[in-house]
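Numbering (our numbering), first residue to last: 100 to 260. Each residue gets a CB set at the ideal place from its N, CA and C atoms; glycine is no exception. Inspection log for the structure reproduced underneath, given as structure tokens.
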């Protein structure tokens, strides 16, 4: 198995892994990003993310997608958006190898924190992260505003003017 930085040519396989993760997380219809967007956003003039891929015999079997964030408390941090290994390739060490690559990259870049979210029912992932030394925060809630919420909020603000 080879762990390497993802390339433009890997984005179709990366998108398939993203879709597999969405199905695993019980939201198969939630993925709207396209290969073209992944290529543009990950490999354009100002890349928005980086990927590492796990490859065996020319097949991409897993990936980690992450990007820089900035913490007012810690400075430069990394957000690990997705880490996924194909269902039939789990148990091969690919997930652990990708995770290790992201954490080593963070250390080499001098970031003070790597963060990500995990669903509260994904007990295997939670145990893995805890065994690695990660802390699962119980007092912070993830907050999101979707595309419809953004549009409605924008309309509400305009109506108030």
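(Q) Looking at the strands, I want to know which residues DSSP matches up with residue 234. (A) Answer by DSSP bridge pairing: none, since residue 234 is not bridged.
(Q) By alpha-carbon positions, which one of 244, 182, 142 and 130 ends up nearest to residue 108? (A) Of the candidates 244, 182, 142 and 130, the residue whose Cα lies closest to the Cα of residue 108 is 142.
Q. If you follow the beta strand (DSSP E) that residue 130 is part of, which residue opens it and which one closes it?
A. Taken as a continuous stretch (DSSP letters only), residue 130 belongs to no beta strand (DSSP E), as it is neither H nor E.
Q: Taking only the alpha-carbon atoms, compute the straight-line gap between residue 102 and residue 184 and give it to the nearest angstrom.
A: Using only the alpha carbons, I get a separation of about 12 Å.
Q. Which residues bound the alpha helix (DSSP H) around residue 118?
A. Per DSSP, residue 118 belongs to the alpha helix (DSSP H) from 110-123.
Q | Three-way DSSP call (helix, strand, coil) for residue 151 in this model | A | In this structure, residue 151 counts as strand in the three-state DSSP scheme.
Q. So residue 297 packs on residue 104, CB below 8 Å; how close in whole Å?
A. Since the first residue of the chain shown is 100 and the last is 260, residue 297 is not available in this structure.
Q) What do you get for residue 151, buried or exposed, if any count of 16 or more other CB atoms within 10 angstroms of its CB means buried? A) Counting of Cβ neighbours within 10 angstroms places residue 151 among the buried residues, the total reaching 16 or more.
Q. Nearest-angstrom Cα distance between residue 127 and residue 113?
A. Residue 127 and residue 113 have their C-alpha atoms spaced approximately 15 Å apart.
**Q.** Span separating the alpha-carbon of residue 204 from that of residue 110
**A.** Taking the Cα positions, residue 204 is about 20 Å away from residue 110.
Q) When every heavy atom of the ligand NAP is checked, does at least one fall within less than 6 Å of the C-beta of residue 229? A) Among the components modelled here there is no ligand, and therefore nothing to report on the ligand NAP.
Q: Verify whether the separation of the beta carbon atoms of residue 178 and residue 169 is less than 7 Å.
A: Not closer than 7 Å, so no.
Q. Does the Cβ of residue 201 have 16 or more other Cβ atoms within 10 Å, making it buried, or fewer, making it exposed?
A. Buried, because 16 or more other Cβ atoms sit within 10 Å of the Cβ of residue 201.
Q: Leaving out five residues on either side along the sequence, give the residues of the same chain with a beta carbon under 7 Å from the beta carbon of residue 193.
A: Result list for residue 193: 100, 153, 160, 161 and 184, in chain order.
Q | Pairwise C-alpha distance: residue 225 and residue 133 | A | Using only the alpha carbons, I get a separation of about 29 Å.
Q) Taking residue 117 as the reference, which of 190, 180, 252 and 214 has the closest Cα? A) Minimum Cα distance to residue 117 is reached at 180.
Q: Would you grab the beta carbon distance between residue 241 and residue 216 for me? Rounded to a whole angstrom, and I think it's under 8 Å.
A: With a Cβ gap of about 6 Å, residue 241 and residue 216 count as contacting.
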